[in-house]
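Each number in my numbering corresponds to the 1-based position in the sequence shown with 47 added.
Following: one structure in structure tokens, then a few remarks.
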Amino acid sequence: MGALWIAHVTVTDADAYGKYAKLAGPAIAKHGGEFIARGGKFVQLEGKERPRNVVAKFPSVDAAVDCYNSPEYQEALNHARGASERELMVVETSD
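Right, here's the structure in full:
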């Protein structure tokens, strides 16, 4: 089954976060991830609002978790730490 990687982000340092984004995209693609929503218009209906919301589709939960734990993504993530407040989850799809 497929999986969605869902991130809710408040960027606190745009320069550092830009370095994260530049490295994260290729790392996600390398693990079969494809962005389906990336920072577009949203309506917050419940919970804490974050101004940046990203959804990527992966072939499986394992592929998404492997991506997160990969050296490439961890290198990218080093730029996001301290430059953002984030929540990230992986959810299996029902396809």
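All C-beta atoms in this analysis are idealised placements derived from N, C-alpha and C, irrespective of residue type, glycine included.
This structure is a prediction, so every number in the text was calculated from the model and none was measured.
8 Å CB neighbourhood of residue i in its chain, flanking five on each side removed
i, result
"E80", "Glu is not the amino acid found at residue 80; the sequence shown has Gly there. If we look at G80 and ignore the five residues flanking it on each side, its Cβ neighbours are W52, A103, K104, F105, A110, A111, C114."
"E132", "V56, T57, T59, R97"
"D142", "M48, G49"
Whole-number beta carbon distance between residue j and residue i, since they are thought to touch under 8 Å
i, j, result
"L70", "E134", "Not a contact, Cβ separation roughly 20 Å."
For residue i, the three-state DSSP class (helix, strand or coil)
i, result
"V90", "coil"
"E122", "helix"
"K104", "strand"
"A76", "helix"
"A61", "helix"
"A111", "helix"
Own chain, CB closer than 7 Å to residue i, minus 5 neighbours either side, in chain order
i, result
"E139", "M48, A50, V108"
"F89", "N100"
"A74", "C114, S117, E119, Y120, A123"
Contacting residues, own chain, Cβ-Cβ under 6 Å from residue i (five flanking each side not counted)
i, result
"Y67", "A123, H126, A127"
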